[in-house]
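Accompanying notes for the structure given below.
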Amino acid sequence: MTTPQDPPAAQAFSLKGRHALVTGGASGIGEATVKELVSAGAFVWIADINQAAAESLAESLGSSQALHLDVTSIPSISTAVSQLSRLDILVNNAGIGHVGSIEQTEPDDFDRLLNVNVRAVYLVTRAFLPFLLAAEANGQAGSIVNIASVAGLVGIKQRFAYCTTKGAVVAMTRQLAVEYPKALRVNAICPGTVETPFVEGYLEKFHQHNKDEVRAELRARQPVGRLGRPEEVASMVRYLASSEAAFINGSIFNIDGGWTAA
Numbered sequence: 009m010t011t012p013q014d015p016p017a018a019q020a021f022s023l024k025g026r027h028a029l030v031t032g033g034a035s036g037i038g039e040a041t042v043k044e045l046v047s048a049g050a051f052v053w054i055a056d057i058n059q060a061a062a063e064s065l066a067e068s069l070g071s072s073q074a075l076h077l078d079v080t081s082i083p084s085i086s087t088a089v090s091q092l093s094r095l096d097i098l099v100n101n102a103g104i105g106h107v108g109s110i111e112q113t114e115p116d117d118f119d120r121l122l123n124v125n126v127r128a129v130y131l132v133t134r135a136f137l138p139f140l141l142a143a144e145a146n147g148q149a150g151s152i153v154n155i156a157s158v159a160g161l162v163g164i165k166q167r168f169a170y171c172t173t174k175g176a177v178v179a180m181t182r183q184l185a186v187e188y189p190k191a192l193r194v195n196a197i198c199p200g201t202v203e204t205p206f207v208e209g210y211l212e213k214f215h216q217h218n219k220d221e222v223r224a225e226l227r228a229r230q231p232v233g234r235l236g237r238p239e240e241v242a243s244m245v246r247y248l249a250s251s252e253a254a255f256i257n258g259s260i261f262n263i264d265g266g267w268t269a270a
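Spelled out as structure tokens, the structure:
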């Protein structure tokens, strides 16, 4: 009598035949996510305002295509939608940060973060929703993975606008999950501080003269004593988009080195 063999590791959390789109897909967590989804068998649209970087990444990977997308622009989003005929997985990753208390946050700063981190998630999700709701016809419910932040779960000093907007992404995730519980799965990942160009840009802008000191502080506030890696977030995106996660909906996953547990 033969015994069933375990499937090869490469088949675990397979996304073979599925079509995905990652906003902000040309760098940082977005780039790592694109690579992970392609390795899982998906075809991936690399949606980014930086067309050249998206094209370069697509050329290096195969099974992907660059897609110019300004997530804050309705015409840009409409043009992007017109180029697709199918979408099974949407990863809302694009976002920006801001440093400052409420007193130091000017209305223009606040509006800018709301526009990119909240309104854009609404605009992109709404525009691609018909594709995602139709994904069930291809064998699985559509999947949305929103990249939120630990800042959406706990208060962080000098991050008034950022905390506010990422908290809104968490709330949107839960609302969408209960609005479309059978046709769509919507989950969010809340990373801690991750080693990305986003973080390096923050250090360069606000701590140019004491980068090493601040970087050490960022590591120390996460109990594991280091920054996260983009690939660690990307692995969770892959899992949440896979059929193995079919019973997961409206959930918020912290990937923060123990920050929120401490």
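Going by my numbering, the sequence shown wraps up at 270, each residue one higher than the last.
C-beta atoms are modelled at their ideal positions from N, C-alpha and C, and glycine is treated no differently.
(message) Is it buried or exposed, T11, if we count other Cβ atoms within 10 angstroms and call 16 or more buried?
(response) Any reading at T11 is ruled out, since the residue's pLDDT is 44, under 50, leaving its predicted position unreliable.
(message) Short of 6 angstroms in beta carbon distance, which residues of its chain neighbour T181, apart from the five on each side in sequence? Order them along the chain.
(response) Within the same chain, T181 has close Cβ partners N154, V194, A196.
(request) Check each candidate in G236, L192, F21 and name the one with the smallest Cα separation from V158. (result) With distances taken between Cα atoms, V158 lies closest to G236.
(message) With a threshold of 6 angstroms on Cβ separation, who are the neighbours of H106 within its own chain once the five nearest residues in sequence on each side are excluded?
(response) Correct list, in chain order: D117, L121, A169, Y170.
(message) Tell me which residue opens and which closes the beta strand (DSSP E) that A56 is part of.
(response) The sequence given here places Asp at residue 56; Ala does not occur at that position. D56 -> beta strand (DSSP E) spans 51-56.
(message) One question on the structure: do G33 and A60 come within less than 9 angstroms of each other, judged by their Cβ atoms?
(response) No.
(request) Verify whether the separation of the beta carbon atoms of I37 and N101 is less than 9 angstroms. (result) Yes, they are a contact pair.
(message) Which of the three DSSP states is assigned to G105 in this structure?
(response) Here G105 sits in coil by DSSP.
(message) Please state whether the Cβ-Cβ distance between P231 and G266 is less than 9 angstroms.
(response) A contact, by the Cβ cut-off of 9 angstroms.
(request) Below 8 angstroms CB to CB, which residues in the same chain sit around N125 once its five sequence neighbours on both sides are set aside? (result) Here the set comprises G103, I104, Y170, T173, K174, A176, V177.
(request) Within 10 angstroms of the Cβ of P83, are there 16 or more other Cβ atoms? Answer buried if so, exposed if not. (result) Taking every protein chain shown into account, the CB of P83 has fewer than 16 other CB atoms within 10 angstroms, so this residue is exposed.
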